[in-house]
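Chains as they are written, first to last, in the UniProt record's numbering: chain A, 1 to 391; chain B, 1 to 391.
The structure is reproduced here in structure tokens:
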């Protein structure tokens with residue numbers, strides 16, 4: 001089976017390395033015939049080109065692997081490939097999150113596969129597990145840690161006492177975080193992943209806009225010290241819940257007691273949990289990024305195409321669900337700067353205390369709807385507000 | 001597709017319930033046409049029988065689900081079903097562990113599937129994940145917590161201060177442990193599961209006899225109190241390691257620091273870890289037993305047969321590996337009664353202390369070969385010896 005790869009960064013070269021070097025005999029059936037790169041001065045292999053149509057219009061290519069990132073021209077290339085009867089495997093959560101339904105529909109019309117395991121949770125067989133569970137069960141909840149960079153930052157703040165900016169810089173120096181880190185630390189990356197996860201888990205189309213998202217940019221050393229004293233650990237978490245025909249999703253910092261599995265997911269690892277009607281709770285843990293783990297997820301998708309195994313997990317996203325932001329609720333830790341904000345918080349505050357030079361409260365139980373409205377009010381006067389929900 | 005079920009205990013009735021009640025449209029293709037039970041006075045459904053040949057000789061039945069337990073006549077029924085061209089799905093770790101290679105070979109000769117996901121880790125998609133990882137990677141290590149009863153006992157000793165016999169009795173009253181609990185607390189159940197896991201992970205045939213196995217029967221409240229003070233947690237763990245053409249397996253109590261994932265696997269949950277050459281470490285967590293989770297694993301196998309998806313994960317167990325008991329090593333906690341045993345331990349003891357009325361040491365790093373020879377010597381004079389390896 002002939003493969004064309006769009007993009008040859010970390011993940012693209014991981015795919016190349018695995019297919020070239022794995023001793024497994026299945027690999028003999030896979031041939032990387034062309035690779036699209038951006039810069040003609042970086043051509044190092046005979047089969048590299050800077051001309052996308054050399055891949056997209058080559059009738060001999062069966063599978064296009066899209067690992068370019070970004071929305072355009074990734075969207076156009078994927079659509080062109082699918083429409084010309086090529087299978088597509090993508091690791092690009094930005095474009096998959098936006099166009100999952102359209103890609104899936106187009107693939108179905110042209111009788112080819114559109115697979116994207118590597119777009120969420122790197123090497124963890126997470127999306128396929130969701131599809132597998134759905135063959136029998138209704139899934140009522142999915143949640144987890146799906147961003148390695150933010151987990152690396154939080155883990156090192158807890159374990160080694162770094163403050164946020166120190167460890168962010170270290171992560172950037174190590175190549176774990178990008179020079180513009182917003183997507184990772186503000187939860188945008190996770191929001192994209194959660195649209196993919198929950199669309200799959202609930203058989204529907206969930207849009208990024210419906211997911212309230214808050215990151216860890218404003219977390220401080222004093223927040224962390226307070227959590228440590230309470231034997232709780234902070235993680236940046238994606239959650240989606242379904243109840244009958246209602247759903248609710250959010251991305252926000254969550255506090256776990258130290259004796260939970262999630263609290264002990266260290267360094268840049270990821271974990272995903274799901275709850276199914278007969279299977280109960282399952283958790284899947286592993287490397288959520290990196291050249292070989294993510295490359296591995298792509299090669300697994302390619303093998304599923306080669307063996308036609310992907311046809312055993314068909315998907316249509318055809319359920320209609322309504323957003324109901326009362327489905328997720330919890331107590332919140334809120335840390336704020338202006339004493340006047342206490343007035344806004346007076347009806348929900350269960351416990352108030354000073355945290356170094358700031359103020360903090362623990363709230364009563366609030367729904368996402370209630371907490372969102374509260375944070376909107378607070379944000380008018382607070383610039384470094386931080387909050388986290390108790391699990 | 002027509003299904004015959006051999007046995008209608010907890011798991012058999014779980015399969016029946018899932019196929020009858022799941023709203024998933026795939027289930028409409030599955031029909032339970034006959035059920036074998038033992039006692040004719042317990043016939044409650046029209047399609048129940050006490051005559052095995054009514055299932056095994058029925059040409060209309062496509063799949064036999066074997067959930068009887070025990071070695072005989074389960075072995076004969078499975079062989080008869082396979083030889084007459086029926087697919088077989090089994091949850092019976094005792095018979096699968098002993099005859100995995102023969103069943104697999106016979107299934108291959110008759111062009112049918114032999115699947116046994118439910119025999120290890122209940123509802124966790126663990127064996128299929130191993131097979132999937134093996135499509136690309138070499139697996140160098142598998143380990144985990146695969147017995148819910150012993151984990152329930154240890155968890156409650158740690159969390160609630162029970163002593164061993166108290167919590168064992170409670171587990172028996174709740175139906176979590178059998179009236180003869182040896183298989184669960186002496187590691188026999190896990191030994192069977194580890195032969196299945198490591199045979200799959202390493203593509204070979206690993207026999208129960210090659211796996212040194214020690215359980216938790218002799219653990220005391222003072223052992224647990226000592227571990228708690230050290231911030232470590234005790235789990236009963238199965239481990240297999242492969243290095244080139246050597247392997248080493250063992251089942252023994254293992255000590256994890258409290259900030260690890262394993263230390264926080266609570267109640268009767270299971271977890272399995274594997275390390276693959278490109279995927280790195282993956283962990284899979286969930287309910288390792290119970291009517292619906294185990295029933296779910298069986299129905300997943302049936303769907304894989306229905307969709308022919310099982311053919312995408314073929315297996316032959318055809319690698320030849322040698323046992324090398326130097327591959328696994330660690331420091332040990334050893335608690336013993338007779339002061340004279342100190343003489344046997346003097347060359348390996350790194351730290352000696354009194355533990356209530358007993359004696360305890362922490363050893364230097366020992367290989368499985370060394371520790372086994374030591375425990376054999378000690379067992380001559382010690383009747384309640386307890387030991388655990390530091391992870």
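Note that the Cβ used here is the ideal one computed from N, Cα and C, for glycine as well.
Closest Cα partner of residue i within the set the options
i	options	result
residue 413/B	39/B, 52/B and 60/B	Lying outside 1 to 391, the shown extent of chain B, residue 413/B is not represented and no answer is given.
residue 372/A	308/A, 328/A and 343/A	328/A
residue 359/B	343/B, 96/B, 367/B and 237/B	343/B
residue 413/B	237/B, 61/B and 320/B	This structure cannot settle anything about residue 413/B, because the visible part of chain B is limited to 1 through 391.
residue 391/A	38/A, 5/A, 251/A and 291/A	251/A
residue 87/A	98/A, 95/A and 106/A	106/A
residue 114/A	81/A, 123/A, 135/A and 125/A	81/A
residue 126/A	143/A, 59/A and 112/A	143/A
residue 363/B	335/B, 388/B, 356/B and 331/B	331/B
residue 121/A	194/A, 231/A and 59/A	194/A
residue 265/A	246/A, 280/A and 285/A	285/A
residue 242/A	75/A, 326/A and 30/A	326/A
residue 377/A	356/A, 345/A, 361/A and 103/A	345/A
residue 350/A	6/A, 333/A, 374/A and 357/A	333/A
residue 361/B	293/B, 223/B and 292/B	223/B
residue 54/B	17/B, 4/B and 100/B	4/B
residue 21/A	295/A, 208/A, 149/A and 145/A	295/A
residue 272/B	201/B, 64/B and 31/B	201/B
residue 15/A	386/A, 291/A, 315/A and 44/A	291/A
residue 389/A	268/A, 253/A, 383/A and 317/A	253/A
residue 177/A	163/A, 152/A, 197/A and 188/A	152/A
Identified DSSP bridge partners for residue i
i	result
residue 363/A	349/A
residue 358/A	355/A
residue 333/B	362/B and 388/B
residue 274/A	142/A and 282/A
residue 34/B	4/B
residue 114/B	88/B
residue 287/A	269/A
residue 323/A	247/A
residue 49/B	36/B
residue 213/A	251/A
Range of the contiguous beta strand (DSSP E) that encloses residue i
i	result
residue 243/A	232-243
residue 249/B	246-257
residue 65/B	63-66
Residue range of the alpha helix (DSSP H) that includes residue i
i	result
residue 12/A	10-21
residue 204/A	Neither: residue 204/A is in no alpha helix (DSSP H) and is coded neither H nor E.
residue 152/A	148-160
residue 167/B	164-173
residue 96/A	93-109
residue 81/A	74-83
residue 378/A	368-379
residue 183/A	182-185
residue 311/B	That residue, residue 311/B, is in no alpha helix (DSSP H); it is neither H nor E in DSSP.
residue 133/B	127-134
residue 318/B	It is not in any alpha helix (DSSP H) - residue 318/B carries neither H nor E in the DSSP assignment.
residue 392/B	With chain B represented from 1 up to 391, any question about residue 392/B goes unanswered, as that position is not in the structure.
heavy atom of the ligand NAP below 6 Å from residue i C-beta
i	result
residue 131/B	The ligand NAP is not among the ligands present in this structure, which contains no ligands whatsoever.
Proximal residues of chain A, C-beta to C-beta of residue i below 9 Å
i	result
residue 292/B	277, 278, 279 and 280
residue 259/B	159, 258, 263, 264 and 266
Interface residues of chain A facing residue i [CB-CB closer than 7 Å]
i	result
residue 26/B	135
Chain-ordered chain B contacts of residue i [CB-CB under 9 Å]
i	result
residue 295/A	278
**Near-chain B residues of the region 121-135 of chain A (beta-carbon distance less than 7 Å), N- to C-terminal order** = 123, 124, 125, 129, 132 and 135
**Asked** Which residues, in chain order, does the region 225-237 of chain A contribute to contact with chain B at a C-beta distance below 8 Å?
**Response** none
**Message:** Please identify, using Cβ separations under 7 Å, the residues of the region 274-286 of chain A that lie next to chain B, in order along the chain.
**Reply:** 278, 279, 280, 281, 282, 283, 284, 285 and 286
**Asked** the region 11-22 of chain B: which residues have C-beta closer than 7 Å to a C-beta of chain A, in chain order?
**Response** 18 and 22
**Request:** Report the residues of the region 299-311 of chain A with a CB closer than 7 Å to any CB of chain B, ordered along the chain.
**Result:** 299, 300, 303, 307 and 309
**Item:** Residues, ordered as in the chain, of the region 193-204 of chain A that lie near chain B by beta-carbon distance below 8 Å
**Value:** none
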